[in-house]
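>
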Amino acid sequence: MAVELDVFVGNTTIMDEEVYQLWLDGYTVNDAVKVRMAGGVLDECEANQDVLLSDTMDQYRTFQMCERLLQSPAKLANQLLFQIPPHRQTMLIERYYAFDDVFVREVLGKKLSKGTKKDLDDISAKTGVTLKSCRRQFDNFKRVFKVVEELKGPLVENIRQHFLLSDKLARDYAAIVFFANNRFETGKKKLQYLTFQDFAFCAGQLINNWTVGAVDNMVEDMDVDLDKEFLQELKELKILITDKDLLDQHKSLVCTALRGKTKAFAEMEANFKNLSRGLVNIATKLTNTKDVRDFFIDLVEKFIEPCRSDRWTPADIKLYLTHYTNSAHILDSFKHQAVWDRYMGVIKSCIYKMYHD
Amino acid sequence: MPGKLKAKIVAGRHLPVMDRASDLTDAFVEVKFGNTTFKTDVFPKSLNPQWNSEWFKFEVDDEDLQDEPLQITVLDHDTYSANDAIGKVYIDIDPLLCTEAASVISGWFPIYDTIHGIRGEINVLVKVELFNDLNRFRQSSCGVKFFCTTSIPRGYRAAMVHGFVEELVVNEDPEYQWIDRIRTPRASNEARQRLISLMSGELQRKIGLKVLEMGGNAVVGYLQCFDLEGESGLVVRAIGTACTLEKHSSGSLVNTHTHPNTAPASNACNSPSKDGKESPLAHGCRSTHNSPVHSACSSQRLSQNFSVSVPTLIFTGMGSGGSAGKEAGPLKTLLRQQTQTALEQREFPFFTLTSFPPSFLVHVGGVVSARSVKLLDRIHNPDEPETRDAWWEELRQEIKSHAKALGCHAVVGYSENTSICEEVCILSASGTAAILNPRYMREGCLDIGSTDQRFDDPSPPSCGFCHIPYDELNMPFPAQLTYCYNCRRQKVPDVLFTTINLPAEAAVTGKGCLIQARLCRLKKKAQGEVNATAISNLLPFMEYELHTQLMNKLKLRSMNALFGLHIQISVGENMLLGLASATGVYLTALPAPGGIQIAGKASGDLNNEQHVQSIQKRINDTIAKNKELYQINPPELTEEGVGSPIPEPRHRSRLFRSHSESSDEVSELDLSHGKKDAFVLEIDDTDAVEDIHSLLTDASPPTGFYTCNTETMPGIYNWTTAVQMFTSVRVLRLSNANLSNQSLNKIFTDLCENLLKSFYFKLRSNIPCCLCHLNFTVAVPEEELIQVSVTAVAMTFDKDQNQEGFITKGGNETEEQLQFPLELCADSSSTNAQPSSKFSGVPENTIVSSRAASVDYGSFADRCSTWLELLRLKANTIRRGSVKTSRRTQSLAHSVSSLEHCSPLTEGRPRSLRSSRSFGGSSVTMVKMTPLSFLPGTRIIKFLGIINMFFIRETTSLREEGGVSGFLHTFIAEVFAMVRAHVAALGGNAVVSYSMKDCVLMENPNKNQAQCLINVSGDAVICVRETDQEPMTSMTNIGQTCAADGAT
């Protein structure tokens, strides 16, 4: 005796959020049943394991049938097959496009190609996220990437409109697309302590300040590619470290301002030239694609690590960078104020965000 | 040319990619009606084409308008090879032919392909202009409204109820034509879909003609079914109740259709009433015509036809002209005669309605049913489907005579169905014998409540229908009568079974619940006559056991009446399945049921005694628990011994109700039921053991759930607007070939119970809720497969204020009733005295019964036997080489009663606040569906027409589609989607009285193939919140165009 067929179809499609999450997380039907049983759902309705299995299978089937629609969310609203109230549609989409931070950390900045996809098994093993879930997340990244690649207009807005995502999730996807496009290195050991949210914040800074879109909002890829002109102009900042007078003058202005305001003053004074060289060198090298990729690792190596070994507090970092930036304005012979601000504004907030354990 | 049909193809969206190279599609559309086809231009390279075509105009007969669907085919243009079909849309334009229904069809329809399912959507506009033609009604019946709803549709009132209409049409099944060997599955499926669409159009038109002939303007309770008889053909048949309906709001008193009271007495269905002035029909005009379905050839099949008919009911009192009970007042006699003449004119005084206007139903006798086993043979001449007609005719006569035996002149809640396996077919008909108020049957009685006052039955509405309609001294079956517990004036039986919904005004104690009896019986595989005989031999036993189970379960729940009883017997190659579903309630007017007593065989055996006692205790505990669960606390506490349902030990052996308490005319108010004997089950009997097991294994619904198979649950009034309609199908494969009847029963019972458990679990978020209209259908699609399909609706209610209003009203009612004159006996003399001329068409043998040949079920000599005690083998008549065996079992007529105002609908409920909808931005109209005739918290402002759709889906990649479950899941979802789309296009936002009448699944996993046929129907409506004037959903995109010019 075996159940040959077992279906349950509601006029309004019935979807259990808990089961949906298990499905998204890549649980097999049997594993999902175990999880649900452990969750105590059985007590709710005098059900037994068979009931749970039958329900789980039904829901899984429904989700599989819906998956095609979820991949182009706009269709979900005007398709006729499933009658789903709009607020449920929103939930389905939002959850489908949600991702695991541990997973995204692994692929952030990697090319969203077949090659990467092949490595998903390893990532799955490493992160503990099921392969099925990894694939869904990876495919979501890729799908969003492909769609927005060809669109004009602001990146976040495009993602939000095409995939009907919340503002927060749309921003995260913008970060992922931005990282994938510029292939920023995020996997090095020294960067392991950084979370996806750290990077997403930095991506937001870069998108808002360093891309073409920051100055012109109607070009293709405006939010994805860095503003080439700006990168060229960054070379001019070299004067801050090559001109010995300027460097000294800068240092004394900063030190004057900092004196007595922090315990780490001695270290700041001692390291000023090193740190300044580090930051300015990063700026001047950004015309090379290779160096763009190393942007974050450079920030860590050239600035964050030295500070950390000197035990600066986050407040110290903020104080130092504020004065470092502002003092440059007082330098008479330094003519590149605008570029400097555009550069340092981003650097300051990125470093501040990245400066933690 | 009485009609012009106009169609415009606007646009498509989400089309499938048809050209792999470009990932795009070059789509165009063919629009076909009858033999005329138009095409749109090709819209190149797009998945969202905008054709915006001209108006395609078809000039056609209105007869064709009724029969034919508009057929829209979407194709992909291919320069070098044949164009590929993407899919089709069939649009039934019938709703446009009725001025009161929809005026335009406009909206997005799913493009459906029988192999691929839904493939994108197409936006279409359709209108009809009907010209007024003198010959307009010649062959068409445009303007007759059809309703699936089995009650007077909300917003209308019945000026007159004309009665039963039926029709059937037959044809060859395209699937079995020779051409099917060479055409593609797609072509074959489409031919079948189209044929069925044509046939149901034709059927509807013919029924419409009959309605016009009778002077009516509508059919309610329209029930259409398909019989897929395989090789022998395809039968589409329908029954319904012809009515003259008036809009409530119209306020006009006089109906234009004045129909004479005394139409020719022969048979109103078949002969036209010449004097109806609105009935310009020529007599018999429809025997031949130009419908494409028909093909001529001669028929001679009666002679080869073997038939065995097995009516399930017998009435011992039949034919006896037992005359008037002593109390029969002259008024009542007059009433009867009036009614009689009105109903007498009808060949079959049957009504497919299950709910009635107040005071329509006077008395209810009990369930009448009949079955017959037939061998199918080829249908030779589709134009004269007389064999099938004759079969049904026979059954209906049987039903009619049963009703008569119950002292009733009418049958309500009437339905017919079939089960087919290979060449054997079981035809079943059932209904509830009843006496109706004549005022709905006669002309000029529209002014309800004034002119007819004196004919009103004096029984109080809350219990009147339970009073026995038959003669107490000549009861058609052994029953125990007591005085009505509500009015104390007339006799009531101790149990009442009916096929109708609980009358809204009935007095009920506590809540009700779904009660099911389930049964499997193995049979040997056989062919032809042998097989038919074997089946017909089994049927009475099954019928008997099902009723025993029902009685036991009813008593276990401490209830005394069943409503909505539906017994389905399904035949397979090696087994028969029986499933009886009903909603049990405690009618206040009926006596409290006795308990169930267990008797062991050998007293003295200590172990056995203990065993018996432990079972007895469990049963008593269960009864007590159920009383609490269903809140059954009968208001009258005068009865002694309610708490101890077990009789004195000395009664323990066998209690025949006949001597232990036949009701006694001497005692004016018989309260003796209190010590009424219990239902005795002997556990030395294997069947009884089984019964006890099935009794105790049936789980009651978990807290927060109620179940019923009727429209609503007594005692629940405050429904919210949250409804969730669902369909569930489960198929079980019996792996073990050597199963016994017992283990099969267990498997079948578990299957049903598990389904219910699944529903409770899935719908737990709707708590507190009631699963209403739980409609179970069983089938044996193949050897070793059992299929159960369920459609129902979960309706949420507000937990608080559950019960009030009910108790208080019960009290008032009792007092009011005292004002009515005392009338104890139903007078059946006039019924029985009717000349038998109406039976002239029926073979005598069906009526002549010999009482001698009764079969005694020894082991079941408990009180069940009073319901169904005897099996009677009736005379076998052999004629023309055919054997006709008529066999009759018992009647189950049980009766009852109760409170008023149980209707959850009429009372204003402060519902609707938690509206499940705030669907602003959605571009798709939300369409609610329900098997009930209403949506809680809303008012139906317009009926847009009947939805009757038939789909076939086939796949040759079963595994890829997720196996047979995946395949069917998708298909059911697609069917829902197509129904919703059609309703939305008509401008509607809901479907009421929805039902899935067929779900035939065939699979061959080895070949990776499956095929499924689904037939659904319902009434498309526009409804508004009870408080609003405007449609409740955002119908922004579709509804507005409806304002355009009308259909005529």
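Chains as they are written, first to last, in this note's numbering: chain W, 627 to 983; chain C, 83 to 1130.
Glycine included, every Cβ here is placed at the ideal spot set by N, Cα and C.
For a cutoff of 7 Å on Cβ pairs, would you count Leu1050/C as touching chain W?
yes
> Compare the C-beta of Leu860/W against all C-beta atoms of chain C and say whether one is closer than 7 Å.
no
> Between the C-alpha atoms of Ser935/W and Leu845/C, what's the straight-line distance to the nearest angstrom?
60 Å
> Where Lys743/W and Phe764/W are concerned, what is the direct C-alpha to C-alpha distance, given to the nearest angstrom?
Rounded to the nearest angstrom, the gap between the Cα atoms of Lys743/W and Phe764/W is 7 Å.
> Just the Cα atoms here: how many angstroms apart are Cys946/C and His629/C?
Caution is warranted here: a pLDDT of 32 is assigned to Cys946/C, below 50, making its placement in the model unreliable, and the coordinate value is therefore given only provisionally. C-alpha separation (whole angstroms): 8 Å.
> Could you tell me which chain W residues have their CB closer than 9 Å to the CB of His855/C, listed as they occur along the chain?
None at all; the shortest Cβ gap to chain W is about 13 Å.
> Per DSSP, what are the beta-bridge partners of Lys1024/C in this structure?
Ile1104/C
> Between the stretch 803-834 of chain C and chain W, which residues of the former have a C-beta closer than 8 Å to a C-beta of the latter?
Gln806, Met807, Phe808, Thr809, Ser810, Val811, Arg812, Val813, Leu814, Arg815, Leu816, Ser817, Asn818 and Ile829
> Count the other CB atoms within 10 Å of the CB of Gly754/W; is the residue buried (16 or more) or exposed (fewer)?
exposed
> Cβ closer than 9 Å: which chain C residues qualify as neighbours of Asp669/W?
Those do not exist, as Asp669/W stays about 11 Å from chain C at its closest Cβ, beyond 9 Å.
> Could you list which residues in chain W have their beta carbon closer than 7 Å to that of Met1011/C, in chain order?
In chain order: Asn637.
> Looking only at its chain, what residues have a beta carbon closer than 6 Å to the beta carbon of Ala662/C, apart from the 5 residues adjacent to it on each side?
Ala599, Leu628, Leu632 and Ile649
> Using 8 Å for Cβ pairs, my map puts Asn857/C next to Val872/C. What's the rounded Cβ distance?
In this structure, Asn857/C and Val872/C form a Cβ contact; the two beta carbons are roughly 7 Å apart against a cut-off of 8 Å.
> Let me know if Met641/W comes out buried or exposed under the rule of 16 or more other beta-carbons within 10 Å of its beta-carbon.
Under this definition Met641/W is a buried residue.
> Taking 6 Å as the limit between beta carbons, can you name the residues of its chain near Asp101/C, skipping five residues before and five after?
none
> If we define contact as Cβ-Cβ less than 7 Å, is Ala985/W a contact residue for chain C?
Any question about residue 985/W goes unanswered here, given that chain W covers just 627 to 983.
> Would you report the Cα separation of Phe843/C and Glu672/W, rounded to the nearest angstrom?
8 Å
> Put Pro151/C into one of helix, strand or coil per three-state DSSP.
strand
> Inspect the beta-carbon positions of Gly666/C and Leu644/C and report whether they are closer than 7 Å.
yes
> Judging by CA-CA distance, which residue of Ala883/W, Phe729/W and Thr639/W is the nearest neighbour of Met691/W?
Thr639/W
> Can you tell me the Cβ-Cβ gap for Ile187/C and Ile193/C, rounded? I've got them flagged as a contact below 8 Å.
That belief does not hold up - the Cβ atoms of Ile187/C and Ile193/C are roughly 16 Å apart, past 8 Å.
> Check whether chain C comes within 7 Å of Asp632/W, counting only Cβ atoms and requiring the distance to be less than that.
yes
> Measuring CA to CA, which of Ala167/C, Tyr626/C, Cys595/C and Lys607/C is closest to Thr785/C?
Cys595/C
> Should Leu757/W go down as buried or exposed, given a rule of 16 or more other Cβ atoms within 10 Å for buried?
exposed
> Once DSSP output is grouped into helix, strand and coil, what is the label at Gln702/C?
A small fix is needed here, since residue 702/C is Asn in this sequence, not Gln. Helix.
> Applying the criterion that 16 or more other CB atoms from any shown protein chain within 10 Å of the CB defines a buried residue, is Phe213/C buried or exposed?
exposed
> Is it buried or exposed, Gly85/C, if we count other Cβ atoms within 10 angstroms and call 16 or more buried?
buried
> Measuring alpha carbon to alpha carbon, tell me which residue in Phe547/C, Cys545/C, Thr564/C and Gly546/C is nearest Glu554/C.
When only C-alpha atoms are compared, the closest one is Thr564/C.
> Could you tell me which of Lys709/C, Thr591/C, Leu826/C and Thr1020/C sits nearest to Arg603/C, measuring between CA atoms?
Among Lys709/C, Thr591/C, Leu826/C and Thr1020/C, the Cα nearest to that of Arg603/C is on Leu826/C.
> Can a CB atom of chain C be found closer than 7 Å to the CB of Asn704/W?
yes
> Thinking C-alpha only, which one of Ile261/C, Thr859/C and Val1073/C is nearest Val653/C?
Comparing Cα positions, the closest option is Thr859/C.
> Let's test the definition: count the other Cβ atoms within 10 Å of the Cβ of Tyr626/C and tell me whether it reaches 16, buried, or not, exposed.
buried
> Whose Cβ in chain C lies nearer than 9 Å to the Cβ of Asp681/W?
Ser840, Phe843 and Lys844
> Suppose you measure from the CA of Leu955/C to the CA of Pro622/C; what does that come to, to the nearest Å?
In this predicted model, Leu955/C has a pLDDT of only 28, less than 50, meaning its place in the structure is not dependable; the value taken from the coordinates is given anyway. Rounded to the nearest angstrom, the two C-alpha atoms are 10 Å apart.
> Hey, out of Asn952/W, Cys828/W, Tyr653/W and Asn907/W, whose CA is closest to Cys976/W's CA?
Cys976/W has its Cα closest to that of Cys828/W, out of Asn952/W, Cys828/W, Tyr653/W and Asn907/W.
> Should Pro235/C and Phe1016/C be called a contact, given that it needs their Cβ atoms to be closer than 7 Å?
Taking 7 Å as the Cβ cut-off, Pro235/C and Phe1016/C do not qualify as a contacting pair.
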